[in-house]
Amino acid sequence: MKTTSQTALAMLLLTLAAGAMAVDGGNPKKGKHEYKRECKACHTVGAEGGEITPMSKTMGQWDRFFQRDKHKAKPEVFEQLDPQKLLNIHQFLYDHAADSEQPATCG
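With mature numbering (1 follows the signal peptide of the UniProt record, and there is no 0) as the guide, the letters of the sequence shown map in order to residues -22 to -1, 1 to 85.
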């Protein structure tokens, strides 16, 4: 049977490992502004793409979304964005996902 400290250490290591698989090199502050400029026009309540906020997905779901370049309605959107901007947007969405420490909408 594991002790409480062993369990806590295991949880910490899993958390750190999950963070290592997350976004690397993105700037979430820039990402927030780029999300507002590049994405919000189509992703608000009543807009053609429907409302999408950072809390629309978990951290893992955002990672999978960007790793697979999934933008169902208009796949060319990802192709038109500068790779660093895309990375910044990914970082912002990941950092404020539903299961993050700071879940947020994009107000």
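Ideal placement from N, C-alpha and C gives every residue a C-beta, glycine not left out.
Euclidean distance between Cα positions of residue i and residue j
i     : j     : result
Glu79 : Gln58 : 31 Å
Glu29 : Asp60 : 23 Å
Ile67 : Arg42 : 14 Å
Close Cβ partners of residue i (< 6 Å) along its chain, the five nearest in sequence each way excluded
i     : result
Leu71 : Pro32, Trp40
Short Cβ contact (8 Å threshold) for residue i with residue j
i          : j     : result
Cys20      : Glu12 : no
residue 86 : Lys35 : Any answer about residue 86 is impossible in this case: the structure gives the chain only from -22 up to 85.
Thr65      : Val1  : Rather than Thr, the amino acid found at residue 65 in this sequence is Leu. Result yes, Cβ atoms of Leu65 and Val1 sit closer than 8 Å.
Gly4       : Gln45 : no
Proximal residues to residue i (C-beta, below 7 Å), its chain only, five neighbours per side dropped
i     : result
Lys14 : Cys84
Val55 : His49
- Item | Contiguous alpha helix (DSSP H) assignments of at least 4 residues, all confined to the region 17 to 68 | The alpha helix (DSSP H) runs lying completely inside the region 17 to 68 and spanning 4 residues or more are 37 to 45, 54 to 58, given in chain order.
- Below 8 Å, can you find three or more Cβ-Cβ pairs linking the region 7 to 16 to the region 44 to 54? The region 7 to 16 and the region 44 to 54 do not touch, with fewer than 3 CB-CB distances between them shorter than 8 Å.
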